[in-house]
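Engineer: This is the structure I want to talk about, given as structure tokens.
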Amino acid sequence: MLGTNLEFYMAYHPQTDGLAERMIQTMEDILGGLCASGMEYKEHEGYTHDWVTFLPAVQLAYNTSQHSTTGKTPALVEKRWNPILPVYHLKKNLLNIHPTAKDFHEMWKRACDTDAE
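Shown next, in the form of structure tokens:
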């Protein structure tokens with residue numbers, strides 16, 4: 190009726206679930222990089238390199254990043270809305286910086302472009 194085909198696969202075969210396996214690999218790469226680079230998560234009792242402490246932040250970053258496969262964020266695909274992150278407010282506030290700071294930034298960019306030529 191809808192033109193779909195139902196295919197059965199054996200459980201626990203990564204070949205049948207490529208997108209999930211790719212997401213897991215990406216999460217492993219990010220977490221491995223954070224732990225290997227010596228990033229530390231401060232607790233009230235001290236420091237730890239435990240990857241579990243990074244998992245919520247990495248998951249949020251992954252779920253709010255646009256993906257090349259869909260062109261959308263996983264949060265938008267699943268929940269039909271994107272969470273508003275604190276960085277969005279930061280970017281908005283950075284646009285309202287003092288005019289002389291904007292002017293200085295533009296002058297710096299022009300100077301760098303001139304040096305490149």
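Using the working numbering, the first residue of the sequence shown is number 190, and each one after it goes up by one.
Here a beta-carbon is modelled for each residue, glycine too, at the ideal position from N, C-alpha and C.
Remember, predicted model here, so these are calculated numbers, not experimental data.
Is L223 helix, strand or coil when you go by DSSP?
Structural biologist: Helix at L223.
Engineer: Give me the Cα-Cα distance between S226 and V247, rounded to the nearest whole angstrom.
Structural biologist: Spanning the two alpha carbons is a distance of roughly 15 Å.
Engineer: Spatial neighbours of W240 within its chain, please: CB distance less than 6 Å, with the 5 preceding and 5 following residues excluded, ordered by chain position.
Structural biologist: Contacts found: L220 and C224.
Engineer: On a Cα-Cα basis, can you pick out the residue from L244, P245, P272 and M212 that is closest to T253?
Structural biologist: The residue with the shortest Cα to Cα distance from T253 is P272.
Engineer: Which of the three DSSP states is assigned to N271 in this structure?
Structural biologist: Residue state, collapsed to three classes: coil.
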